[in-house]
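Numbering (this note's numbering), first residue to last: 622 to 1509.
Structure, as structure tokens:
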């Protein structure tokens, strides 16, 4: 089944140009499109305003209908300056029938493809393109637009344009997010590999080379070299460069799944055949790390390179795959001179690595004529293996090179024991074990417990999770000294403890062996639950410290959620479920407002699945979060979740919780067009907040009620409510809401005809809004500036900023324009359009409309800075802004 979405690009501008004539243009557009749909068996599933959602039995039917529609639209006798430009997106898939319509990822994919297109353009998915490639209508061709990452779709999409004779075929770049890539960030610079790296960059960058295997013993630096190689080749692989860790994988099936999940493939393309179909046109580079333990690796890689001819693979393994076309490149140990002299040692990659690592723990360390023989002997004794050298060099904190060399003779010989048949895991394990065995028992116990952390941690977390340690600083310092830990600077500027993954795995295994794992993971989950709750409560502040902290700890939070909620396993214990509900309830607003929609939905879905109403307030809060994330994309389910939350809160007598649920229900009803019921629910929420004494929630409820009044009632009443909401928000410490209220105050002033006051209001708060880094808030600011510019008579900036705002909301999930919001803006734009020609307005609008999301945000900041200068109190006015000031 083929799914087609269409709408008018620039419908707001068209409405403003045509005024009452817009209805005639809209009728003409609908008539043309419906005739095209009907002529090819299309069935309308949804029609709202100027948009259509139509399904066709076959892909050729959909394509022929789209071609006919664009041809008829181009030749239609439109009113003067009223040409209608329709964008169309088509995807072929198998949606699910639900409540008389269709749902599922196929529907979302088609809608996102349409949103990426421009007016007059028809864009189709690779699935549709394959189905119609042999049966295109006369005068129609397919143009490959490449692979694009579309908002809210995990898997990049390979898109094509229908090129139709005698119709426009040159459009701006699609409004997409680009290609996704994933490479780890190495902790150290690469030493002693210049020659190998230069040769590999040229080899792998050649389009004729698909498979290069880096071979060598464990610890020789294959992975580090592969990562550096991939970083230098990102420009040569426009569809992404991905690192796929396979050390823990033991079967071909799991290997396929791991590769697919790493590059973000959707769950319905994890099976090999479907996965290959999804990547066969993509220019990708995959680093498949650690294949030697995989019996099926040869078969998987063979099928991968055969099924995706534009894809390249760099594999790391102790042995080649013995495939046709494979380029094997052994990765030798770092060079160590056979004869010792200061000059020869200074030129050795192994010696330079040892000296660099030694200086990390002993800043004054240097290679001299006195120690060159011993340092070179150490590197030779370790066979030039980079990891072993790094760990050994840490010993220079306490030992001279001569003493360290003697200790190596008395301790396990890392290289000699495995020199004949080493494996990567055994060699790494032995190297880490050597360092671990040198620790005192209490430091070993401390080190083991660090294995539960993911993505590093701070000292407070270590103090809370590691048993019996009040102040971990000295113990951390000891482990840093022996290169089992590293100290980095966190986003907040505070020190952060990092473990290499192999080191963390070793610690985790020792923890399991000692029977201590469950106890330590319990403390880990409890700590990150408390951190989520305390930090989330600070997100309403104007500073971003709390947000940065949560971003830094996302790996640990997900680790805690995974332990608490056990996805894919039997239902966890009640205590674990409650921890999961508490984390989800604390973070849903953070997930919603900071682009972690899929992450938040996934964990909240699991929490709601394993929880029940018996969990009371924790369950009610999680239900509100999930309902808030769903009501715009699945209104029925989102509404039911919000109603369930309301029932739980009412049963508990929790007025604040009930008020929160009522706000969600009111927004859902407002989105569905039931304004009267929405107003009643907002007002009841206000009443409950007053009864409970919850000023913070009262500020929120009043702000939503004011928003409703601004769109459907009185601008004056909206202004009064927003000012009360702002004052309450400030009193309760919710600086985020206070800032949003300040923006809403500017809207109300503009709608009341008080444009100069509105512009001054925006100038006072613009930088504060933008500095929060939230796309919703920033986009709202630029739209407000657009409307206010119109009121004060700056027509060109009004049009440009209108286009920039629409570009931003096109690619942000859940930010689609409400028709009533458009009507509000139109009241303002109507005052500015007569000041310039329709053509000038359209040019300015299209300039903003063509921006990507990133460019739109840049325009937000540019405009905000400019208008702060225009009439900001105490600001220096720029000469080219004088005309705008005089108009005010």
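No residue lacks a Cβ here, since even glycine has one placed at the ideal position from N, Cα and C.
Here the structure is a predicted model, which is why all the values come from computation and not from measurement.
Worksheet entry | C-alpha gap between residue 1072 and residue 974, whole angstroms | Going from the Cα of residue 1072 to the Cα of residue 974 covers about 27 Å.
Worksheet item: Ordered along the chain, which non-local residues of its own chain (more than five positions away) have a Cβ less than 6 Å from that of residue 1249?
Response: Contacts found: 1285.
Discussion item. For residue 657, tell me which candidate among 631, 666, 867, 685 has the shortest Cα-Cα distance.
Written reply: Considering only alpha carbons, the answer is 685.
Worksheet item: Thinking C-alpha only, which one of 1306, 1329, 1158, 719 is nearest residue 1319?
Response: When only C-alpha atoms are compared, the closest one is 1306.
Discussion item. Using 8 Å as the cut-off, can you tell me whether the stretch 845 to 853 makes contact with the stretch 932 to 943, which would need three or more C-beta pairs spanning the two stretches below that distance?
Written reply: Because the criterion of three Cβ pairs below 8 Å is met, the stretch 845 to 853 and the stretch 932 to 943 touch.
Practice prompt. Determine, using beta carbons only, whether residue 1243 and residue 1267 come nearer to each other than 8 Å.
Written response: No, they are not a contact pair.
Discussion item. Which residue wins for smallest C-alpha separation from residue 638, given the options 950, 1459, 1279, 1470?
Written reply: Nearest option by C-alpha distance: 1459.
Worksheet entry | Helix, strand or coil at residue 938 [DSSP, three-state] | Looking at residue 938 - three-state DSSP - the assignment turns out to be strand.
Worksheet item: Applying the criterion that 16 or more other CB atoms from any shown protein chain within 10 Å of the CB defines a buried residue, is residue 780 buried or exposed?
Response: Burial call: buried.
Discussion item. Helix, strand or coil for residue 705? Go by DSSP, reduced to three states.
Written reply: Of the three classes helix, strand and coil, the one that applies to residue 705 here is coil, per DSSP.
Worksheet item: Taking DSSP as the reference, what is the three-state secondary structure of residue 1206?
Response: If DSSP states are grouped into helix, strand and coil, residue 1206 belongs with the helices.
Worksheet entry | Proximity below 8 Å, CB of residue 976 to CB of residue 988 | The answer is yes: Cβ separation under 8 Å.
Discussion item. In the DSSP output, which residue or residues are listed as bridge partners for residue 1116?
Written reply: Answer is 1110, bridged to residue 1116.
Discussion item. What would DSSP say about residue 563, mapped onto helix, strand or coil?
Written reply: In this structure the chain extends from 622 to 1509, so residue 563 is not present and cannot be described.
Item to complete: Go through its chain and collect everything with a Cβ distance to residue 699's Cβ below 8 Å, but skip five positions before and after it.
Response: Result list for residue 699: 646, 649, 705, in chain order.
Worksheet item: For residue 582, which of helix, strand or coil comes out of DSSP?
Response: Absent from the structure is residue 582, since the part of the chain shown begins at 622 and ends at 1509.
Worksheet item: Under three-state DSSP, which class holds residue 760?
Response: In the structure shown, residue 760 adopts coil according to DSSP, grouped into three states.
Worksheet item: If you count every other CB in all the chains shown that lies within 10 Å of the CB of residue 629, and 16 or more means buried, which is it?
Response: Residue 629 should be labelled buried.
Worksheet item: Among residues of its own chain, excluding the 5 on either side of residue 634, which ones have a beta-carbon nearer than 6 Å to its beta-carbon?
Response: Result list for residue 634: 1466, in chain order.
Item to complete: Would you please state the rounded distance, in angstroms, between the beta carbons of residue 773 and residue 814? I believe it to be under 8 Å.
Response: Not confirmed; about 40 Å, so no contact.
Worksheet entry | Contact under 8 Å by Cβ, residue 677 with residue 623 | Contact: yes.
Discussion item. According to DSSP, simplified to helix, strand and coil, what is residue 988?
Written reply: Reduced to three states, the DSSP call for residue 988 is coil.
Discussion item. If you follow the beta strand (DSSP E) that residue 665 is in, where does it begin and where does it stop?
Written reply: First-last of the beta strand (DSSP E) with residue 665: 664 to 669.
Worksheet item: Whose C-alpha, out of 1065, 1076, 1159, 1111, is nearest the C-alpha of residue 1134?
Response: Shortest Cα-Cα distance from residue 1134 to any of 1065, 1076, 1159, 1111 involves 1065.
Worksheet item: Apart from the five residues on each side of it in sequence, which residues of its chain come closer than 7 Å, Cβ to Cβ, to residue 923?
Response: So the qualifying residues of the chain are 944.
Worksheet item: Taking the continuous alpha helix (DSSP H) assigned at residue 729, which residues delimit it?
Response: Here the alpha helix (DSSP H) through residue 729 covers 726 to 737.
Practice prompt. Can you check the stretch 878 to 944 for any alpha helix (DSSP H) of at least 4 residues that lies completely inside it and give the ranges in chain order?
Written response: As far as the stretch 878 to 944 is concerned, its whole alpha helix (DSSP H) runs of at least 4 residues are 893 to 900, 918 to 928.
Practice prompt. Could you please give me the residues that DSSP links to residue 723 through a beta bridge?
Written response: For residue 723, which the question treats as bridged, DSSP gives the partners 718.
Worksheet item: Measuring CB to CB, does residue 1339 end up less than 8 Å from residue 1330?
Response: In this structure, residue 1330 lies closer than 8 Å to residue 1339 by Cβ.
Item to complete: Would you decide whether residue 960 is buried or exposed? Buried here means 16 or more other CB atoms lie within 10 Å of its CB.
Response: Per the 10 Å Cβ criterion, exposed.
Discussion item. Rounding to the nearest angstrom, what Cα-Cα distance links residue 1176 and residue 756 in this structure?
Written reply: Each residue's Cα considered, the two are about 49 Å apart.
Worksheet item: Just curious, the beta strand (DSSP E) that residue 862 is in, first and last residue?
Response: Residues 862 to 866.
Worksheet item: Mind checking whether residue 1386 and residue 1360 have CB atoms under 8 Å apart?
Response: Taking the C-beta atoms as reference points, residue 1360 is found nearer than 8 Å to residue 1386.
Worksheet item: Taking the C-alpha atoms as reference points, what is the distance between residue 1129 and residue 871?
Response: Going from the Cα of residue 1129 to the Cα of residue 871 covers about 19 Å.
Practice prompt. State the start and end residues of the unbroken beta strand (DSSP E) segment that holds residue 746.
Written response: For residue 746, the enclosing beta strand (DSSP E) covers residues 743 to 746.
Practice prompt. Give the DSSP-derived three-state secondary structure of residue 779 in the structure shown.
Written response: Of the three classes helix, strand and coil, the one that applies to residue 779 here is strand, per DSSP.
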